[in-house]
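Enquirer: Residue numbers (my numbering), protein chains in the order written: chain G, 1465 to 1672; chain Y, 547 to 938; chain F, 50 to 220; chain U, 281 to 672.
Have a look at the structure that comes next, please.
Here's what the structure looks like:
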């Protein structure tokens, strides 16, 4: 089944307002989809016998702050179908967007597909797909931790890699490294890439 | 704190669940994993893994470095299988380069075979380590030292070819850093014939078919095949559950389609399919399969035609065209995927490592329900995690 | 305090000068301590694999009397083998505090020494374990070979042998 | 003590001194000897254990402290003496300090009734066996105290496991001991040993198949009571960090360590005295002074087996441990007691049948053990074994 066929099936099911362009065909077939339709599409893709995408290989989050500044990037990937609405505008404002990519694979049919959805950075809400693929659990938590994407319906959306009291989402392009961090009520300096020399603590068990 | 209180109806005594904190410093969490274990005596009610104690910001580093200089960081993801990591990353970037005719990289056959040989050797080394640590979790210390000793011979081979013992930085985008030294092929076959194979027989005698070992590992931590797919388990975790899915066979990369080998699958010899023993034995059998692949690869490998052949294809600066790829390879622990997005510059726009341990570990909470504390250690050992890769 | 920082209870003030006896006791204690360094079996990252390799048949740390203990209460030495992250830092500190005196720390590998390859963009990495606990010996390398770790242990042995427990130290 | 006092009085020839003085001197001497044994044996045993384990694992073991590391454990003990002793803040201070003493005392007190040769016993009690069984069980109280007082969940779990295990295995151990009692018709260790005099064919293992079975059961139960692999679950390193002594440092930890090795010695000694002929040699009519070397040799062999088993076996799980104890060992040892009674009551003409069966059983077990030992013992031996199998 080609990528076009899959897209047609999806459009048939969810309408053109939810399913957008094929972003990429060779190597990694990739279809863009509206954030609101992710959960339904996931159920559809897993449930249909001739599609049966039963494995969620990977769930990645992306930060695309400069997307609108370089409008020529998109048309190269996409040639024939309708472009995403935010890129259809002739002179776009620089929009800070986040994206989530779902890489799906079917063990039965041995075919793969990537779904991609864009959300605005100030309201990054995507429905959680845990109910369809339990594997999404930790991936979604990681995407929340690193990018700050809110997965609606996730039962335990907390930071997974960083400590709970961490500020900011480090993989965003505009992230500023924090300079100190409290360990046992004692601030440790987290130097930026400078020539600052570390000051070692004097050993308690002194020698000589 | 999750803690259920139940009151005995006759005596009126309260029973409270105990919350144990296992790790980050614990002898058998294989690094700095922390398990929050809710127990009722010896019974585990639930074990919640907490990760991130080794989060070394790999993905942030990758965005700030050029494509070739990311490789040392890739090495340090799964530090027991650096060659396999490098291979996965190199293939990912090469695939991305292949999107445009201008940047396409042609690899010579010799490079492909060298990559396969070192990757399979590293798979053996990594599995030796796992078999050892798993048996040590079950209380047998000697198999661990024996297998570690055999691993040292493989490290010697790697040292000869790459100069490093643990983190090799050997497979680069567009080739490998050095050709095999003269006579290296013979050293590999000598090692396999004289050391590895007899020692594996010894290991089988000592531990694999040991009655206590089977009693401890079989029938514990059973994962059904449907569950394994739903949780996106991969590698020996998936094959131990009876699904014969191996990327080297089902989605061949490099030159793996040219070899004749079998996919080891858990057969439930002692107890249900998908138990800890099955996962252990799949890894044990994969060592044999890797030996087969290495032998065939050394046989088919073309001779070096010119001294710098393995490096000639490496461009000075790697600048893939714009686009995204998700490339997956079979790591010793499962499916290692690299999602690479390029914006046409010399640095990757975004790299996400889909680490097999990360996904395999996420089923831990489900598996731990209702087992004994001792079983918890067994299950954790059979998942085979490397925290460098889980936390990245 | 004129005497060395180690609490010796009633022994602490009972010797007044650098007599031959005290020097010999110091030597004997130093010998015992250096011959029996029990590190905590505690691995952090890549370097932990090389630390394990050092304890395994090829290198065999047991020759030097180095014998891994699982509990911090029973160890004399902590080998920081790998990257210390901010999330881990408080744990490392607590483990260090749980060890009984006299205690020693070896910082193994570049990450523990200074943050190593993660110095530049490691927003979650402690740039050198000496920011949180005192370190006796630094072993460079990424990762250091087991031979390098053994060298570090031998250096620490020399340091222990030369340190004074009972004798007065000139200020 | 009585015997020692008499011996002293006779050898010195001072008949005028009242007997009570000799009793006191004899008692003090015996206590001195016991203390020396208590102090030196663990030092030696730990050294032996480290060396044996190293050789099993292809290592060298301690080499730098003294000739071939002979002074290693002395250095360890000396270091522990000068180590800070930590009392955790939330611990029950009194129990925490008392616990190592209680454990140590249990082992120490049991030594008193152990015979080293004909009449060479600190206290030659009529019910010596019962006394030893009782005293070795005292240490479980200390272990529970340690686990409770530490205020550490791992310690508590270890202590609970230990209590369950020791109490369970006390039953088969007692039945095993009872078999020897039935065969000899006495509870006095000296008389039991005397009943096996007159050559190797009179040792209980060779005299009666039930004696042999009981010996094996007693040995297994002894392993469990001393927390040795495969029954080391109370201090399972990979599960419970260090079990009940997790929070102990310095000399207090050393007390636990020493008590464990003295308990091992007691188990080996019991096995040798009750079933392996005690201080009787292989041939009848040997001189009396040969008794001590014979007994020590037998104890040494048993000790070696205990140490060797520790390094080649994985450990059981809690429920499996209980299964082995209650469902296998207890019924079997009951059978041996009954069988021994039947043998004692059956006519002398049938004794030859019992003896032949006993020899056959012993032979089979010894042959299997030797083969297993050749596969695991030491590098050169193992290499020979591997080579011989390759030819065949």
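Positions of the beta carbon are idealized from the N, C-alpha and C atoms, including for glycine.
1) Which chain Y residues are close to residue 1520/G, counting only those with a beta carbon under 7 Å from its beta carbon?
2) If we cut at 8 Å on Cβ distances, does residue 1644/G have a partner in chain F?
3) Name, please, each residue of chain Y whose Cβ falls closer than 7 Å to the Cβ of residue 1624/G.
4) With DSSP as the reference, identify every bridge partner of residue 128/F, one or two as the case may be.
5) When DSSP labels each residue in this structure, what does residue 876/Y get in the three-state scheme?
6) Given a cut-off of 8 Å, decide if residue 201/F and residue 188/F are closer than it, judged by their beta-carbon atoms.
7) Check each candidate in 410/U, 350/U and 359/U and name the one with the smallest Cα separation from residue 328/U.
8) Going along the chain, which residues of its own chain have a beta-carbon closer than 6 Å to the beta-carbon of residue 628/Y, five neighbours each way excluded?
9) Taking the DSSP output, what are the residues bridged to residue 89/F?
10) Do you know whose CA, among 863/Y, 881/Y, 674/Y and 888/Y, lies nearest residue 869/Y's CA?
11) Could you say if the region 819-838 of chain Y and the region 897-909 of chain Y meet the contact criterion of at least three C-beta pairs nearer than 8 Å?
12) Which residues in chain Y sit within 7 Å of residue 105/F, going by Cβ to Cβ distance?
13) Taking a cut of 7 Å between CB atoms, which residues from the region 896-926 of chain Y lie near chain G?
14) Check whether the region 642-653 of chain Y touches the region 681-699 of chain Y, taking contact to mean three or more Cβ pairs, one atom from each stretch, closer than 8 Å.
15) Applying a beta-carbon distance threshold of less than 7 Å, which residues of chain F neighbour residue 330/U?
16) Where does the unbroken alpha helix (DSSP H) through residue 1467/G begin, and where does it stop?
17) Name the chain Y residues that come within less than 9 Å of residue 98/F, Cβ to Cβ?
18) For residue 1533/G, is the classification buried or exposed, using 16 other Cβ atoms within 10 angstroms of its Cβ as the cut-off for buried?
19) I need the straight-line Cα distance from residue 561/U to residue 312/U, nearest angstrom please.
20) Whose Cβ in chain G lies nearer than 8 Å to the Cβ of residue 796/Y?
21) I'd like to confirm the pairing. Which residues does DSSP put opposite residue 1566/G in its beta bridges?
22) Report the residues of the region 745-771 of chain Y with a CB closer than 8 Å to any CB of chain F, ordered along the chain.
23) What residue range does the alpha helix (DSSP H) around residue 551/Y cover?
24) Using a beta-carbon distance below 8 Å, is residue 202/F in contact with chain G?
25) Do residue 840/Y and residue 807/Y come within 8 Å of each other at the CB atom, strictly closer than that value?
26) Exposed or buried, what is residue 647/U when buried is set at 16 or more other beta-carbons lying within 10 Å of its beta-carbon?
27) Rounding to the nearest angstrom, what Cα-Cα distance links residue 460/U and residue 433/U in this structure?
28) Express the C-alpha separation of residue 592/Y and residue 1475/G in angstroms, rounding to a whole number.
29) Is residue 769/Y buried or exposed, if buried means 16 or more other CB atoms sit within 10 Å of its CB?
30) Just confirm the distance between the C-beta atoms of residue 505/U and residue 630/U, as a whole number of angstroms; I'd bet it's less than 8 Å.
31) I want to see whether chain Y comes within less than 8 Å of residue 114/F, judged by CB atoms only; does it?
32) Residues of chain Y with CB under 7 Å from residue 1628/G, in chain order?
33) If we cut at 8 Å on Cβ distances, does residue 793/Y have a partner in chain G?
34) Give the residues from the region 324-352 of chain U that approach chain F closer than 8 Å (Cβ to any Cβ), ordered along the chain.
35) Closer than 8 Å by C-beta to residue 291/U: which residues in its own chain qualify, once you throw out the five before and the five after it? Chain order, please.
36) Determine the chain Y residues that contact residue 1526/G at a beta-carbon separation under 7 Å, and present them in chain order.
Expert: In terms of the structure at hand:
1) Contacts between residue 1520/G and chain Y, judged by CB atoms closer than 7 Å, involve 778 in chain order.
2) Chain F contact via Cβ: absent.
3) From the beta-carbon of residue 1624/G, the residues of chain Y found nearer than 7 Å are 597 and 598.
4) BP columns for residue 128/F point to 155/F.
5) Three-state DSSP puts residue 876/Y in a strand.
6) Result yes, Cβ atoms of residue 188/F and residue 201/F sit closer than 8 Å.
7) Checking every option, the nearest Cα to that of residue 328/U belongs to 350/U.
8) In chain order, 621, 713 and 714 place their CB closer than 6 Å to the CB of residue 628/Y, counting only its own chain and leaving out the 5 sequence neighbours on each side.
9) Residue 89/F is bridged to 118/F.
10) For the residues 863/Y, 881/Y, 674/Y and 888/Y, the minimum Cα distance to residue 869/Y belongs to 888/Y.
11) Fewer than three beta-carbon pairs drawn from the region 819-838 of chain Y and the region 897-909 of chain Y are found closer than 8 Å, and the two stretches are therefore not classed as touching.
12) 691, 694 and 695, listed in chain order.
13) Residues of the region 896-926 of chain Y whose Cβ lies closer than 7 Å to any Cβ of chain G, in chain order: 896, 898, 900, 904, 905 and 908.
14) Under the three-pair Cβ rule at 8 Å, the region 642-653 of chain Y does not count as touching the region 681-699 of chain Y.
15) Proximity of chain F to residue 330/U at the Cβ level (cut-off 7 Å) is accounted for by 111, in chain order.
16) Per DSSP, residue 1467/G belongs to the alpha helix (DSSP H) from 1467-1478.
17) Simply 625, 626, 675 and 712.
18) The predicted model places residue 1533/G with a pLDDT of 42, which falls under 50 and marks its position as unreliable; any figure quoted below should be read in that light. Residue 1533/G should be labelled exposed.
19) Answer to the nearest angstrom: the Cα atoms are 28 Å apart.
20) By Cβ distance, chain G contributes 1574.
21) In the DSSP output, where bridge partners are listed per residue, residue 1566/G has 1523/G and 1579/G.
22) Under the 8 Å Cβ criterion, the region 745-771 of chain Y contributes no residue.
23) From DSSP, residue 551/Y is part of no alpha helix (DSSP H) but of the beta strand (DSSP E) over 551-553.
24) No, residue 202/F lies away from the interface with chain G (no Cβ there is under 8 Å from its Cβ).
25) Going by C-beta atoms, residue 807/Y is not nearer than 8 Å to residue 840/Y.
26) Flag for residue 647/U reads exposed.
27) Taking the straight line from one Cα to the other gives about 41 Å.
28) Near 43 Å, if we compare the C-alpha coordinates of residue 592/Y and residue 1475/G.
29) Burial call: buried.
30) The pair is not a contact, with the Cβ atoms about 35 Å apart (cut-off 8 Å).
31) Chain Y, which has no Cβ nearer than 8 Å to the Cβ of residue 114/F, makes this no.
32) Here the premise fails: no neighbours, minimum Cβ distance about 10 Å.
33) Cβ-Cβ to chain G under 8 Å: no for residue 793/Y.
34) Along the region 324-352 of chain U, going in chain order, the ones with a CB nearer than 8 Å to a CB of chain F are 330, 334, 337, 338, 339, 340, 341, 342, 343, 344, 345, 349, 351 and 352.
35) Cβ contact annotation for residue 291/U (same chain, cutoff 8 Å, sequence separation greater than five): none.
36) Chain Y residues near residue 1526/G: 887 and 896.
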